[in-house]
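Inspection log for the structure reproduced underneath, given as structure tokens.
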């Protein structure tokens, strides 16, 4: 076995021990069962109910967003967010090439075209310096709208994705958006509990989507939410995701083509129990990340992916990165770790590698390809974090 | 108070008593809490889990459909069903004008155009005799495709909706579909447990959608399912609703633009507990309907809406119909009943009355308008049915 591989296994096991470890599993040890049971015993399981309202209020409180709207999934939250900022069929929407496929799918569901953007190794999110050069060279601005010179289609929005919980460079992205007339729709699917400075991710742009899928830092089984500081957009999001019904004692009058993309009360109940623990979960996961970082300091040719400067990541999914000279070891590392029941996986296939997106407009994506060929996600769930002995956590005051 | 109104109130209360009565509320008195609790205590709440598989197998067993695919809502199930039979943007899709707005919305979500069809008072579903005359006069068939003569757009599918649980006239609809080259997508949102002869609704056409919203005969909180006897369509439905991911130990490779429209295990667990009681629920609701029917026999100018001949309805939502000379009493009836905490409501606003569908292609819809102006839904839930004394149920052997 290559020493990089064996040293990596040793480093991981020095932090989490030698028991089998999954990548990310949910933990329900507080009020989740009580809240879910209450839904069933009272009969309030469905599309209206007090847990939906409470969940939305808790999300607003946590993130600072003026409005939070619970949805059926992160994908549906992102889709409706894009619709709400006015994305039209045949618009182009800038998205990072390194993302879960839902980012691109939500754009496609609007009839729009993903336009793929390269990522920076420092944030794993959009590389703004490179993107600015690209936009200056390949777009033209007419009547306050930005057009792709090659396709003649308007480029109308940018979707920064806070990769693995690490905040993208929002200050630069907002500057670019301003310069190139782009709506900003944050894909905050992975970044609940992550901040840039004192500001929560998902509150920088026009609107944002969060995910509560089972693998996220907190889960509602399946679900998502829209965040926005624009009350008008928020009200329209609620209206559109709940069949666009106009309130009336008994009439079923709907004023536009709506959707049924709401979160049931049953799922919101689970989510309330989970949100109550978010701070504790983030603390545990940051401690785990801190331990991994220390452990990998002594492993040559591989480094731990740390939060970008000025940010406080939820470290949703921890990642390690081989250096370029050792990229060829990635699959051996995946094989060796998974054989030892240390669950690892590569980053998603980049969008340009998927058949339905390979012909999308795209800038040079060499950094994305490079990162994708070298990155591995390692066990990161709260239950894994709980294995880290508390007496090792001197550096993290939040855990005490 | 008009005697029709007071006699109606008396008839309803003679069946369900004078306690307040909602239209339809779920009942969870069997294994629902145990199953949902199991999800939380084992951590299996999300997108994969044994309850999802079990729920799908139970649905197949109950309906006789070769494949059942659990989804996030009835609307999403109908949307994916339409996509799967090949509905393209700018196709026209025949739908009944009297339906919940989701039928039309699912067509719109495909980029297609609802083409509104009149309903028959006997079934509350598509009037096939009238539709056949209309299609012969207003369409032209070229190369095996049917085109609207006026818009030149192809008419590619028909969506019968089994209104309030009463089966539409599927034999005639299938004949029409054959003659006019239409795919048949059944909107069986309301008809789980309803049969035509010995065959379950939702298994006559190419594919069908069921709803498990909180107001349905059984609920998953929010949810739906696709039914089909076409294994290939069923497999594609599962693939499309679960992000179109190609199975692999660790790679995230997706082969087409997919959706995240799956039902979480938590919701499927609730649904398994509910499906175990479906037969009992249908029996209770048929007994309630039977009692209402008897009670309304002695009320002049208003009649109980009974299941169509040759069918066995689940009587999801009971309805009464004023005669044409007394249509003007509908709103007084709604007001008087709701004031007495007998929850009633009119049928949905017909699609041609909604701003986004009022310009859709449509045949003469006078029967729909007439029915809609005279129909009232009355309390119908299982908890209401449970109020009906068992000793009154001599005529229904299933209840004994």
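Protein chains in written order, with my numbering: chain A, 300 to 699; chain B, 300 to 699. Here a beta-carbon is modelled for each residue, glycine too, at the ideal position from N, C-alpha and C.
Which of the three DSSP states is assigned to residue 682 of chain B in this structure?
DSSP places residue 682 of chain B in helix when its eight states are reduced to three.
Use the C-beta contact count for residue 679 of chain A: other C-beta atoms within 10 angstroms, 16 or more gives buried, fewer gives exposed.
buried
Would you kindly work out how many angstroms separate the C-alpha atoms of residue 314 of chain A and residue 687 of chain A, rounded to a whole number?
Between the alpha carbons of residue 314 of chain A and residue 687 of chain A lies a gap of roughly 7 Å.
Using a Cβ-Cβ cut-off of less than 8 Å, give me the residues of the segment 550-571 of chain A that come near chain B, in sequence order.
Answer set for the segment 550-571 of chain A: 550, 551, 552, 553, 554, 555, 556, 557, 558, 559, 560, 561, 562, 563, 564, 565, 566 and 569.
Identify the residues that DSSP records as bridge partners of residue 641 of chain A: which are they?
A/320
Contact between the segment 406-423 of chain B and the segment 585-595 of chain A (3+ Cβ pairs under 8 Å)
In the pairwise beta carbon analysis, the segment 406-423 of chain B is classified as not touching the segment 585-595 of chain A: fewer than three pairs are separated by under 8 Å.
Restricting to Cα atoms, I'd like to know which of A/303, A/308 and A/327 is closest to residue 573 of chain A.
A/327
Buried or exposed: which applies to residue 671 of chain A, given that a residue is buried once 16 or more other Cβ atoms fall within 10 Å of its Cβ?
buried
Can you have a look at residue 385 of chain A and say buried or exposed, based on whether 16 or more other CB atoms are within 10 angstroms of its CB?
Under this definition residue 385 of chain A is an exposed residue.
Counterpart residues of residue 568 of chain B in DSSP-defined beta bridges
Residue 568 of chain B is not bridged to any residue.
Looking at the structure shown, is residue 346 of chain A part of a helix, part of a strand, or coil, going by DSSP?
coil
Shorter than 7 Å from the beta carbon of residue 318 of chain B to some beta carbon of chain A?
no
Go to residue 715 of chain A, then tell me how far its beta strand (DSSP E) extends in each direction, as first and last residue.
This structure cannot settle anything about residue 715 of chain A, because the visible part of chain A is limited to 300 through 699.
Inter-residue Cα distance where the pair is residue 578 of chain B and residue 516 of chain B:
About 10 Å.
Starting from the beta carbon of residue 749 of chain B, find every residue of chain A whose beta carbon is closer than 7 Å, and list them in chain order.
Nothing can be reported for residue 749 of chain B, as the shown portion of chain B is limited to 300 through 699.
By how many angstroms is the C-alpha of residue 564 of chain B removed from the C-alpha of residue 565 of chain A?
12 Å
Under three-state DSSP, which class holds residue 381 of chain B?
helix
Using a cut-off of 9 Å between C-beta atoms, extract the partners of residue 404 of chain B located in chain A.
542, 543, 553, 556, 557, 558 and 559
If contacts are defined as beta-carbon pairs under 8 Å, then residue 369 of chain A and residue 561 of chain A qualify, I think. What distance do you get, rounded to the angstrom?
7 Å
For the beta strand (DSSP E) containing residue 618 of chain A, list its first residue and its last residue.
617-621
Just to confirm my understanding: we take residue 600 of chain B, look at its own chain, exclude 5 residues before and 5 after, and list those with CB closer than 6 Å. What are they?
303, 622 and 625
Tell me, to the nearest whole angstrom, how far the beta carbon of residue 425 of chain A is from that of residue 418 of chain A; I am working on the premise that it is less than 8 Å.
6 Å
Return the residues of the segment 642-656 of chain B that lie within a Cβ-Cβ distance of less than 9 Å from chain A, sorted by chain order.
642, 643, 644, 645, 646, 647, 648, 652, 653, 654, 655 and 656
Same chain only: Cβ atoms within 6 Å of residue 583 of chain A, ignoring 5 sequence neighbours per side:
Scanning its chain for C-beta atoms nearer than 6 Å, with the 5 sequence neighbours on each side dropped, one finds around residue 583 of chain A the residues 681 and 684, in chain order.
Which partner residues does residue 483 of chain B have in the DSSP bridge list?
B/457
Can you find the residues in the same chain that come closer than 6 Å, C-beta to C-beta, to residue 338 of chain B, ignoring five residues on each side of it along the sequence?
344, 564, 565 and 568
Quick check on residue 662 of chain B: buried or exposed, where buried means 16 or more other Cβ atoms within 10 Å of its Cβ?
Residue environment: residue 662 of chain B is assigned as buried (16 or more neighbouring CB atoms within 10 Å of its CB, all protein chains considered).
Taking the continuous alpha helix (DSSP H) assigned at residue 531 of chain A, which residues delimit it?
530-540
Could you name the residues of the same chain whose beta carbon sits closer than 6 Å to that of residue 507 of chain A, not counting the 5 residues immediately before and after it, in chain order?
485, 487, 501 and 526
Below 6 Å, is the gap between the Cβ of residue 673 of chain B and the nearest heavy atom of the ligand SAH?
You won't find the ligand SAH in this model; it holds no ligand whatsoever.
Since residue 381 of chain B meets chain A, which of its residues come closer than 7 Å, beta carbon to beta carbon?
Those do not exist, as residue 381 of chain B stays about 14 Å from chain A at its closest Cβ, beyond 7 Å.
Chain A contact for residue 636 of chain B (CB, 7 Å cutoff)
no
Tell me which residues of the segment 505-521 of chain A have at least one Cβ-Cβ distance to chain B shorter than 7 Å, keeping chain order.
512, 513, 518, 520 and 521
Closest residue to residue 509 of chain B among B/331, B/556, B/570 and B/397 (Cα-Cα distance):
B/570
Interfacial residues, the segment 360-378 of chain B to chain A, with Cβ spacing under 8 Å
Within the segment 360-378 of chain B, those residues whose Cβ lies closer than 8 Å to any Cβ of chain A are, in chain order, 371, 372, 373, 374 and 375.
Flag residue 400 of chain B as yes if its beta-carbon sits less than 7 Å from any beta-carbon of chain A, otherwise no.
yes
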